[in-house]
Every structure is written in structure tokens, then in C-alpha cells.
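*Asks:*
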Amino acid sequence: MAAATLRSVLRRNRLLPLFETCRLRDRLFFSSSVDAAAVTVGGTMSPDPHFMVEYLVNSCGFSPSEAAKFSKSLAHLRSTEKPDDVLNFMRSQGFDGAGIRKVISADPRYLCYNVEKNLAPKFQFLRDLGLSESDIVDAILKNNGILHYNVHRYLVPKLEMWESLLGSRELVLKHLKKSRWFFFSSVEKTLQPNLKFLRDECGIPEERVSVVLRSDPKFISQKPESLRALVARADELGMPRQSRMFVRTLVALHNVSKERFEAKVELMRSFGWSESEFSSAVRKSPTFLEMLKSKGLWTGQAKFTSILFFSDTKFMEKFVLPHKENVPELLDILRFAGTCKGNDTLHLASEDEEGLS
1 MAAATLRSVL RRNRLLPLFE TCRLRDRLFF SSSVDAAAVT VGGTMSPDPH
51 FMVEYLVNSC GFSPSEAAKF SKSLAHLRST EKPDDVLNFM RSQGFDGAGI
101 RKVISADPRY LCYNVEKNLA PKFQFLRDLG LSESDIVDAI LKNNGILHYN
151 VHRYLVPKLE MWESLLGSRE LVLKHLKKSR WFFFSSVEKT LQPNLKFLRD
201 ECGIPEERVS VVLRSDPKFI SQKPESLRAL VARADELGMP RQSRMFVRTL
251 VALHNVSKER FEAKVELMRS FGWSESEFSS AVRKSPTFLE MLKSKGLWTG
301 QAKFTSILFF SDTKFMEKFV LPHKENVPEL LDILRFAGTC KGNDTLHLAS
351 EDEEGLS
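Residue numbering for the sequence shown follows the UniProt record's numbering, beginning at 1 and increasing consecutively.
Structure follows, in C-alpha cells:
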């Protein structure tokens with residue numbers, strides 16, 4: 001009632017607008033001051049959006065400049081409760097200061113994770129695979145993206161896919177511990193389209209692909225358009241798609257950029273080689289060397305250009321005959337090379353195959 005009377009008096013004297021303005025100003029000023037004071041007294045929140053800078057320096061060991069950079073992703077935090085939980089959990093799992101800094105540097109938002117919901121299940125998943133504590137630390141340091149993904153929707157399907165491709169869980173774990181690429185290729189967008197392309201359009205059985213993936217699994221993780229470009233390069237070399245060595249040629253080309261390959265072509269042209277002669281040599285040499293190295297049977301340092309000058313007989317004696325029992329596939333390559341070149345290579349390969357039977 002008194003308030004209504006006051007408003008009536010103010011309205012009659014044309015003072016109401018001034019009163020309302022002053023009241024609004026006072027409410028804005030005093031309420032913010034009180035709230036800020038309450039926060040300071042309570043101690044559970046900080047009015048400073050960059051309080052995590054000091055935290056990252058003192059608790060994680062970052063430099064002030066690094067801390068300022070990484071704190072930008074953490075500006076929404078109002079307490080150190082979750083970061084404290086995350087750091088304590090990671091230390092309990094075997095991470096040292098350097099390891100923690102590496103993980104947080106990759107994505108500071110890990111400090112916002114709920115340990116029980118977001119982190120603990122990933123570590124349990126890796127333990128269930130048979131990894132030791134130190135193995136888990138190594139795997140996460142090389143594949144910190146593991147911490148991003150849901151175990152059942154993402155990690156388990158990826159594990160099953162790679163297990164079927166590589167043929168054993170041991171190989172999956174081996175690559176998981178040493179490679180950065182492992183958990184980042186999409187099954188739906190990359191792995192399955194690449195396998196389907198090799199199987200349906202190139203006629204390469206999945207078992208044949210699996211053989212080469214055991215030593216170079218990154219091959220199947222490339223973008224589908226990159227794989228198609230590799231197939232086009234192999235076609236240009238004249239390698240038949242039905243050949244068992246076609247997929248090995250793709251792997252060899254995958255490890256040499258198109259620019260480097262073309263530079264080698266130009267180099268050999270300067271020595272008087274035709275492009276067809278160079279292509280024939282490429283079909284033969286890299287496949288041999290790749291296979292011998294993958295089997296641990298050859299650790300020589302011979303340059304690719306010097307190998308190209310070997311005669312068929314010398315090539316056979318140096319790279320094929322010493323390993324024909326351990327790697328019988330080498331004879332298949334020589335038989336193909338002899339068919340393309342039309343010389344004695346096919347005869348030599350056939351004779352040696354007869355000697356093995």
C-alpha cells in the first residue's frame with residue numbers, strides 16, 4: 001500500500017522515471033558487488049575467467065605462456081574440482097608429469113572430463129585387452145584420441161575390425177602401442193570403402209590385403225581418393241590387377257610420393273632409360289626389397305637406382321635364390337617380370353621352382 005502511494009506521489013511530481021533509473025543503477029551495482037563478495041568468501045568459484053592459468057602452471061608444470069594458451073579452452077570452469085580429479089586419476093594410472101602435459105597439450109578439455117564416466121572406462125578397455133600399465137600409458141601417449149571416444153560405440157568396433165584384418169589381437173596391440181594412426185581412421189568412411197574398392201573393383205581378395213597389412217597397416221587407413229590414385233599409378237606401370245603382387249606394388253607406391261617417383265623417372269631418363277624400362281624395373285625391385293625386408297631377410301643399404309642396373313641373373317642370384325625357401329613368393333614376381341620383359345627371367349624362375357618341387 002505504501003509502495004503504491006509512493007509511486008502515485010512520484011508520478012504526480014514527474015519524478016518516477018528518475019527514481020526507476022536510480023533504482024536500476026543501484027540494483028546492478030550492489031548486486032554484482034555482493035555476488036562477487038560471496039564468491040570470494042565461499043572460495044568454491046573464481047570470478048577470474050583465467051584462474052586456470054595459475055593452476056596449469058602450479059599443478060601441471062606448464063610455462064605461463066603455455067598455460068595462458070591452454071586455459072582458453074577451460075574458461076568455463078569455475079572450480080578446480082574436475083581438473084584435480086583428472087590429474088589424480090592419471091597419476092594413479094602411471095602417468096608422470098611429462099606424460100600428463102603431453103596429453104593435456106593435445107586437448108586441454110581432458111581436464112573437464114568426469115573420471116568415472118569418461119576416463120575410467122577407456123583404461124579398463126585397454127586393460128581388458130591385456131595391456132600392462134606401462135603399455136596403456138604408451139598407447140595413450142601415441143593415441144590420445146582413445147580418450148575421446150565411447151568404448152562400445154567406437155573402440156570395440158574398431159578393435160574387431162582391425163583384429164579381423166590383421167588376423168590376431170597380438171598384432172593389433174603391437175601396432176596400437178607404437179603407432180599414432182591406429183584409432184583415428186573411420187571404419188565407415190575409410191576402412192570399409194577401401195576394402196570394398198580393393199575387393200570389388202580391383203579383384204583383390206581380403207586375405208591378400210591382410211597379408212600386407214600385417215607389416216604396413218597404414219596402407220588401408222589412407223583416404224579412399226588417395227587409394228584410387230595409387231591404383232591408377234600401378235595401372236600406369238602395367239601391373240595386372242589379378243597379379244598377387246598388385247597389392248604389394250600399391251603398398252610400395254604408398255611409401256613413395258608421386259613427386260619422388262617422377263623425380264626417379266627423370267633421373268633414369270638422364271641415364272638413357274626409357275619410361276617403360278623404368279616401369280618394368282619398378283615392378284620388380286621395390287616388391288622384392290619390400291618383401292625381403294618385411295621378412296627380416298635383407299638389411300642391405302643398396303640404393304634403389306643401383307639395384308635397377310642389376311642384370312636379371314645378378315638380381316636373381318643376389319635377392320631371390322638365397323631366400324627362395326623362406327619366401328617362395330619371390331619366384332612369382334620374377335615369373336611376372338620375365339613375362340613382361342620377354343627375356344630369360346621367366347626361364348630362370350621356372351627352373352628354380354622345379355628345383356623346389
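C-beta atoms are modelled at their ideal positions from N, C-alpha and C, and glycine is treated no differently.
For Lys82, collect the residues of the same chain with a Cβ closer than 6 Å to its Cβ; drop the 5 residues on either side in sequence, then sort them by chain order.
*Replies:* Cβ neighbours of Lys82 beyond the five flanking positions: Cys112.
*Asks:* Less than 7 Å between C-beta atoms, sequence neighbours within five positions excluded: which residues of the same chain meet that for Asn172?
*Replies:* For the record, residue 172 in the displayed sequence is Val; it is not Asn. Counting only Cβ-Cβ distances below 7 Å, and skipping sequence neighbours, we find Leu159, Trp162, Glu163 and Leu166.
*Asks:* Taking the beta carbon of Arg248 as the centre, do at least 16 other beta carbons fall within 10 Å, making it buried, or is it exposed?
*Replies:* That one is buried.
*Asks:* Check whether the Cβ atoms of Leu74 and Lys102 sit closer than 8 Å, and answer yes or no.
*Replies:* Cβ atoms of Leu74 and Lys102: not closer than 8 Å.
*Asks:* Name the residue from Leu230, Lys117, Val211 and Ile104 whose alpha carbon lies nearest to the alpha carbon of Val256.
*Replies:* When each option's Cα is compared against that of Val256, the closest is Leu230.
*Asks:* For the segment 165-244, which segments carrying the alpha helix (DSSP H) assignment without a break, of at least 4 residues, lie completely within its bounds, in sequence order?
*Replies:* The segment 165-244 contains these whole alpha helix (DSSP H) runs: 169-178, 192-196, 206-213 and 224-237.
*Asks:* Would you mind working out which of His148, Asn118, Ser210 and Leu87 sits nearest Gly61, comparing C-alpha positions?
*Replies:* It is Leu87 whose Cα lies nearest to the Cα of Gly61.
*Asks:* Could you give the C-beta distance for Lys177 and Asp138, rounded to a whole number, given that I count them as a contact under 8 Å?
*Replies:* About 5 Å; that satisfies the 8 Å criterion.
*Asks:* Per DSSP, what kind of secondary structure is Arg78 in: helix, strand or coil?
*Replies:* Three-state result, Arg78: coil.
*Asks:* For Pro224 and Cys202, I'd like the C-alpha separation in whole angstroms.
*Replies:* Straight-line Cα distance between these residues: approximately 13 Å.
*Asks:* So Pro108 is in the alpha helix (DSSP H); what residue range does that whole segment cover?
*Replies:* Per DSSP, Pro108 belongs to no alpha helix (DSSP H) and is neither H nor E.
*Asks:* Smallest Cα separation from Asn144: which of Ser168, Ser179, Gly97 and Asp85?
*Replies:* When only C-alpha atoms are compared, the closest one is Ser179.
*Asks:* Just to check my reading of the structure: Val212 and Phe219 have Cβ atoms closer than 8 Å, yes? What is that Cβ distance to the nearest angstrom?
*Replies:* Confirmed, Cβ separation roughly 7 Å.
*Asks:* Taking the continuous alpha helix (DSSP H) assigned at Leu126, which residues delimit it?
*Replies:* Element bounds for Leu126: Ala120 to Asp128.
*Asks:* Go through its chain and collect everything with a Cβ distance to Ser193's Cβ below 8 Å, but skip five positions before and after it.
*Replies:* Correcting the residue type first, residue 193 is Pro in the shown sequence and not Ser. Excluding positions up to five away in sequence, the list reads Pro224.
*Asks:* Tell me which residue opens and which closes the alpha helix (DSSP H) that Tyr55 is part of.
*Replies:* Per DSSP, Tyr55 belongs to the alpha helix (DSSP H) from Phe51 to Tyr55.
*Asks:* Just to check my reading of the structure: Glu206 and Arg199 have Cβ atoms closer than 8 Å, yes? What is that Cβ distance to the nearest angstrom?
*Replies:* Rounded, the Cβ-Cβ distance is 6 Å, consistent with contact.
*Asks:* Closest to Ile104 by CA distance: which of Ser59, Ser243, Leu129 and Asp128 is it?
*Replies:* Looking at the Cα atoms, Ser59 is the closest of the given residues.
*Asks:* In whole angstroms, what separates the C-alpha of Asp85 from that of Phe184?
*Replies:* Roughly 27 Å separates the two Cα atoms.
*Asks:* Please determine, among Arg244, Leu56 and Asp128, the residue with the shortest C-alpha to C-alpha distance to Arg208.
*Replies:* With distances taken between Cα atoms, Arg208 lies closest to Arg244.
*Asks:* Output needed for Phe246: all residues of its chain with C-beta closer than 8 Å, excluding positions within five of it in sequence on either side, in chain order.
*Replies:* Around Phe246: Cys202, Ile204, Ala234, Met239 and Pro240.
*Asks:* Enumerate in chain order the residues of its own chain whose CB-to-CB distance from Met52 is below 7 Å, with the five nearest sequence positions on each side excluded.
*Replies:* Around Met52: Ser71, Leu74 and Leu77.
*Asks:* Let me know the secondary structure DSSP gives Val256 once reduced to three states.
*Replies:* Here Val256 sits in coil by DSSP.
*Asks:* Compare the C-alpha of Tyr110 against each of Glu259, His148 and Ala98 and name the closest.
*Replies:* Closest option to Tyr110, Cα to Cα, is His148.
*Asks:* Could you name the residues of the same chain whose beta carbon sits closer than 8 Å to that of Pro64, not counting the 5 residues immediately before and after it, in chain order?
*Replies:* Contacts found: Val53 and Val57.
*Asks:* Which two residues bound the contiguous alpha helix (DSSP H) that contains Val151?
*Replies:* Careful: Val151 lies outside any alpha helix (DSSP H) and carries neither H nor E.
*Asks:* Could you give the first and the last residue of the continuous alpha helix (DSSP H) run that contains Phe70?
*Replies:* Where Phe70 is concerned, the enclosing alpha helix (DSSP H) stretches over Pro64 to Phe70.
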